[in-house]
Amino acid sequence: MMKLYTFFRSSASFRVRIALNWKGIAYDPELISLPKQENLDPGYKAISPIGLVPTLDDGGNLLAQSLAILEYLDEAHPGPKLLPDSALDRAYVRAFSQIIACEIHPLNNLRVLRHIKRTYGLDEEGVNTWYRHWIADGFAMMEDFLKTNAKHGTYCYREQVTMADCSLVPQVFNAQRYKCDLGTYPTVMRIHENCMKLDAFIKAQPSNQPDATA
Ligand SMILES: N[C@@H](CCC(=O)N[C@@H](CS)C(=O)NCC(=O)O)C(=O)O
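Residues in the sequence shown are numbered from 89 upward in steps of one, following our numbering.
If you want it as structure tokens, here you go:
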């Protein structure tokens, strides 16, 4: 059985949990606590030289980077496709996913928040202000990208659940955790709500993970 090195609040891990559930692939969760910095333990660094979650172990093959993992699952395993058939539509789905994975997530990752707190002596409110700034910036990109593109529907790409939805939902969860005002992103939130009607997304959410804490 596949093994997923995961942390309940990690949005990158959440993307992969959704994809595995959506494709009906069973996996064993291996829990890596980010607050305890278990991702930097030598034992885990032997599995993930980059010291980040998620890592997927498929028959001893260790895979890093959530979007690369999603594309791998699509290419190497059966189940509903997370990328559309046409090259143009795949580019659309990848572009939206990368707004989240490249423009938003790296600026608000745990080690970045720890760094700005330590280096610039920020208190909790200072860190939250940074976080919310990049959420507002990135969510405006997400909303404008979807709104100006006729390809969105029930989900980011028409009626098909794709890698874009696997990216959108965890980012919304994170923004909600930091109490960001998401009222000005109606397209993003409508798609989020549609996704959260699906078992694959519900099962993957942080509160349903074995390592979930309040
Ligand atoms: N681009 C990577 C991001 C992986 C990543 O940054 N994971 C976070 C959790 S969401 C992590 O391990 N953070 C540890 C840290 O920042 O120290 C991916 O999509 O997998």
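In this text, a Cβ means the ideal position worked out from N, Cα and C, and glycines have one as well.
Ignore the nearest five residues each way along the sequence and tell me which others in residue i's own chain have a CB closer than 8 Å to its CB.
i, result
"LEU150", "ILE135, SER136, THR143, LEU144"
"LEU270", "PHE227, VAL260, ALA263, GLN264, VAL276, MET277"
"PRO193", "Inspection of the sequence shows that residue 193 is occupied by His rather than by Pro. Here the set comprises SER99, ALA100, GLN259."
"VAL200", "PRO194"
"ALA183", "PHE233"
"LEU92", "SER101, VAL104, ARG105, LEU108, TYR115, ASP116, PRO117, GLU118, PRO142, THR143, LEU144, ASP145"
"TYR243", "VAL249, THR250, ALA252, ASP253, ILE279, ASN282, CYS283"
"GLY241", "GLU247"
"LEU140", "ALA100, ASN127, ALA152"
Buried or exposed for residue i, please, with buried defined as at least 16 other CB atoms from any protein chain shown within 10 angstroms of its CB.
i, result
"MET284", "exposed"
"SER174", "exposed"
"MET230", "buried"
"ASP116", "exposed"
"ALA179", "exposed"
"MET89", "exposed"
"TYR208", "exposed"
"ASP211", "exposed"
"PRO172", "buried"
"ASP253", "buried"
"ILE138", "exposed"
"LEU176", "exposed"
"TYR132", "buried"
Got a sec? Which residues, its chain only, sit under 6 Å from residue i by beta carbon, not counting five neighbours each side?
i, result
"ILE157", "VAL104, LEU144, LEU151"
"LEU122", "PHE95, LEU198"
"ASN196", "TYR219, TRP222"
"CYS268", "ARG220, ILE223"
"TYR273", "PHE227, GLU231"
Can you find the residues in the same chain that come closer than 7 Å, C-beta to C-beta, to residue i, ignoring five residues on each side of it along the sequence?
i, result
"LYS111", "LEU161, HIS165, GLY167, PRO168"
"LYS235", "THR275"
"ARG246", "LYS239"
"ALA292", "PHE102, ARG105, ILE106, ASN109"
"PHE96", "PRO294, GLN297, ASP299, ALA300"
"ILE204", "LEU210, VAL215, TRP218"
"PHE289", "ILE106, VAL257, CYS283"
"GLN153", "none"
"GLU191", "GLY226, MET229"
**Message:** Check whether the region 178–187 and the region 216–236 are in contact - that is, three or more C-beta pairs closer than 8 Å.
**Reply:** yes
**Asked** Fully enclosed by the region 243–302, which alpha helix (DSSP H) runs are 4 residues long or longer?
**Response** 251–265, 274–283, 287–292
**Item:** Sequence ranges, alpha helix (DSSP H) only - wholly within the region 151–211, length at least 4
**Value:** 154–164, 175–186, 198–208
**Prompt:** Which runs of the beta strand (DSSP E) spanning at least 3 residues fall entirely within the region 91–147, listed in chain order?
**Reply:** 115–119, 143–146
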